[in-house]
Every structure is written in structure tokens, then in C-alpha cells.
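Trainee: One structure is given below, represented as C-alpha cells, and several questions about it will come after.
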Amino acid sequence: MRNKIQACIVDDEQDGRDYIALLMGNEFPEINIEFQASSVEEAYIYLIKNSPDILFLDIQLGDGTTFDLLSNFNEVHSQIIFITAHENFAIQAIKNGATDYLLKPIKKIDFIIAVNKALDNIKKIQTPNHPLLKDNKIVLSTLQGFKLVEISNIIRCEADSSYTLFYLADKSKIMVSRTLHEFEPILMEHYFFRIHHKHLININHLQEYIKGRGGQVVMSDGSVLDVSYRKKNDFLSTIGKPE
Numbered sequence: 124m125r126n127k128i129q130a131c132i133v134d135d136e137q138d139g140r141d142y143i144a145l146l147m148g149n150e151f152p153e154i155n156i157e158f159q160a161s162s163v164e165e166a167y168i169y170l171i172k173n174s175p176d177i178l179f180l181d182i183q184l185g186d187g188t189t190f191d192l193l194s195n196f197n198e199v200h201s202q203i204i205f206i207t208a209h210e211n212f213a214i215q216a217i218k219n220g221a222t223d224y225l226l227k228p229i230k231k232i233d234f235i236i237a238v239n240k241a242l243d244n245i246k247k248i249q250t251p252n253h254p255l256l257k258d259n260k261i262v263l264s265t266l267q268g269f270k271l272v273e274i275s276n277i278i279r280c281e282a283d284s285s286y287t288l289f290y291l292a293d294k295s296k297i298m299v300s301r302t303l304h305e306f307e308p309i310l311m312e313h314y315f316f317r318i319h320h321k322h323l324i325n326i327n328h329l330q331e332y333i334k335g336r337g338g339q340v341v342m343s344d345g346s347v348l349d350v351s352y353r354k355k356n357d358f359l360s361t362i363g364k365p366e
């Protein structure tokens with residue numbers, strides 16, 4: 124875990140960026156403003172290599188909107204606080220995983236509440252409520268309650284925005300309102316591998332690898348999944364079959 128919470132501000136107005144930075148310095152000195160961007164392009168270049176804990180996003184920028192920015196990523200692990208002069212983007216902000224939605228001019232108390240909400244969410248993620256239990260079982264929370272699942276019965280996991288879909292050996296599926304990113308470190312200890320930003324597979328259920336730029340895998344449930352070119356060499360090395 125990083126010692127200090129990292130944040131990024133995206134706003135095409137210098138005054139807007141300066142004011143957020145001022146509020147952060149005064150109210151949350153424990154948070155570091157790691158980067159500031161004035162355009163979608165600048166923010167994109169930063170985010171493809173970095174994952175800040177909190178993103179402060181204005182919506183309408185000179186070269187597009189921050190919704191355009193977010194659409195480039197299947198998963199954004201940051202807490203997103205939208206800050207805008209327009210009321211009519213609230214629903215779209217919620218669909219894009221907003222932690223909060225603040226209107227300009229920003230009220231100090233609303234800003235403090237929003238950041239504290241983000242910090243609470245970060246704390247929950249850093250201490251996830253999906254611990255492994257004895258006998259190699261994992262707790263998966265559902266709308267109805269929770270299920271105890273044998274890890275060996277998990278064929279694969281698929282990212283779906285802020286949800287994860289678990290495919291089990293009995294052909295059932297479980298949808299969990301947690302990102303795949305949160306399950307990855309737990310399951311990797313049990314011979315799982317993330318072959319793609321959308322797919323984490325149980326290598327014990329791997330049946331076939333099909334060569335290609337990244338290639339494809341065939342799983343025990345018959346599913347055929349793409350392997351990311353970036354992940355290909357690590358994947359083949361993991362299964363002991365370097366190309």
C-alpha cells in the first residue's frame with residue numbers, strides 16, 4: 124500500500140485546478156496532488172501509466188469531455204469526483220462510477236464531504252470484505268446475501284465495469300459488485316492468471332492455447348478468451364510453455 128494517497132486534477136481552467144489544490148492543501152494535507160491536466164489528451168497519457176486514488180474531473184474540456192476520457196478504460200480504480208458548472212450530467216456521472224458530483228462554485232463543506240467519502244471507499248478497498256476462508260473457499264457477496272465458493276470450482280472471472288462475473292464449474296454464474304482488480308491478488312495465489320483486462324482465469328481449468336498475436340485460451344466450460352499481447356509472454360512463462 125502506498126504511504127500517501129495520490130490524486131489527479133483534470134480541469135481546463137487554471138483557476139479551477141488552483142482552487143482544488145488549495146482546498147486539498149488546507150483540508151487534506153495527507154493527500155498528494157500527483158498530477159494536473161488541462162485536457163483529455165494530457166489526462167489520458169497520464170492515466171495509461173498511473174492509477175491515482177482520487178480523480179477530480181471537470182466534465183467539459185477544450186478537446187472533449189472526461190466521459191470520453193473514461194471510455195478509453197475498461198476499469199478505472201480511482202475514486203472519481205466530478206466538479207462541473209453544469210447540472211445536467213449527473214446521471215451520466217453516476218453511470219461512470221462517480222463517488223460524488225459537485226457543482227461550481229464549489230462549496231467547501233460539500234468538497235470535504237466528497238473527499239471523505241472517497242477516503243472511506245479507499246479504506247474499504249484496501250481492507251476488502253472478501254477474505255479467503257479455510258479449506259480454500261472465498262466469500263462472494265450477492266444481492267441476496269453471500270455465497271461460499273470453492274476456489275477450485277471457479278473457472279474464470281470476467282470484468283464488467285465495477286462488477287465481476289464468476290463462472291463456476293457447475294455452469295452457474297455469480298455477479299459480485301466488486302472490481303476484478305480487487306480479486307486478482309487473492310486468486311493469483313491459487314494459480315489464477317489475468318490474461319486480459321477483462322479476464323482472470325483459473326489455469327487448472329485451461330484446456331488449450333491457440334497461437335496468435337496474443338493468442339486465445341479455451342477453458343473447461345468451452346469459452347474462448349483472448350490473451351492480451353502485453354500479457355502473452357508472462358502467461359506462457361507461467362504455464363511453463365514459452366513461445
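Just so you know, we're using this note's numbering here: the sequence shown kicks off at 124 and counts up by one. Ideal placement from N, C-alpha and C gives every residue a C-beta, glycine not left out. Keep in mind the model is a prediction, meaning the values are calculated, not measured.
1. Once you ignore the five residues that flank A188 on each side, which residues in its own chain have a CB closer than 6 Å to its CB?
2. Would you check if the distance between the CB atom of E193 and the CB atom of N173 is smaller than 8 Å?
3. For T222, count neighbouring C-beta atoms within 10 Å of its own C-beta (all shown protein chains included) and say buried if the count is 16 or more, exposed if not.
4. Give me the DSSP bridge partner(s) of D283.
5. Can you check which of these residues, E305, D141, I324, E165, is closest to S343 by C-alpha distance?
6. Residue ranges of each alpha helix (DSSP H) run of no fewer than 4 residues wholly in the stretch 151-232, ordered along the chain?
7. Considering only residues of the same chain and omitting the five flanking positions on each side of P254, which have a CB-CB separation below 7 Å?
8. Starting from R317, follow the beta strand (DSSP E) in both directions and report where the run begins and ends.
9. Using the three-state DSSP reduction, which class does K260 fall into: helix, strand or coil?
10. Going by other Cβ atoms of all chains shown within 10 Å of its Cβ, with 16 needed for buried, is Q117 buried or exposed?
11. Measuring only the C-alpha atoms, how far is M124 from F316?
12. Only counting the same chain, and skipping five residues up and downstream in sequence, which positions put a Cβ closer than 6 Å to that of E331?
13. Over the uninterrupted beta strand (DSSP E) stretch that includes N325, give me the two end residues.
14. Please classify T265 as buried or exposed, where buried requires at least 16 other C-beta atoms within 10 Å of its C-beta.
15. For V350, name the three-state secondary structure that DSSP assigns.
16. Please name the residue, chosen from V238, Y286, L184, M147, that lies closest to I297 on a Cα-to-Cα basis.
17. Secondary structure at I362, three-state DSSP: helix, strand or coil?
18. Taking C-beta to C-beta, are D191 and A130 nearer than 8 Å?
19. According to DSSP, simplified to helix, strand and coil, what is A292?
20. Buried or exposed, going by whether 16 or more other CB atoms sit within 10 Å of the CB of I232?
21. Verify the contact flag: N356, CB atom, against every heavy atom of the ligand SAH, threshold strictly below 7 Å.
22. Ends of the beta strand (DSSP E) at I333?
23. Can you list, in chain order, the residues of its chain whose CB lies under 6 Å from that of H209, leaving out five sequence neighbours each side?
Mentor: Here's the rundown:
1. Sequence check: residue 188 is Thr here, not Ala. Cβ neighbours of T188 beyond the five flanking positions: I182.
2. Looking at the sequence itself, residue 193 is Leu, so the reference to Glu does not match. No. Outside cutoff.
3. buried
4. Y286
5. I324
6. 163-170, 189-193, 213-218
7. Low confidence applies here, because P254 scores a pLDDT of 47, under 50, leaving its location unreliable and the question unanswered by this model.
8. 315-319
9. strand
10. Because the chain in this structure spans residues 124 to 366, residue 117 falls outside the shown range and cannot be described.
11. Interpretation of M124 is limited by its pLDDT of 37, a score under 50 that renders its predicted location unreliable; no figure is taken from the coordinates.
12. V341
13. 322-325
14. exposed
15. coil
16. Y286
17. coil
18. no
19. coil
20. exposed
21. No copy of the ligand SAH appears in this structure; indeed no ligand is present at all.
22. 329-333
23. none
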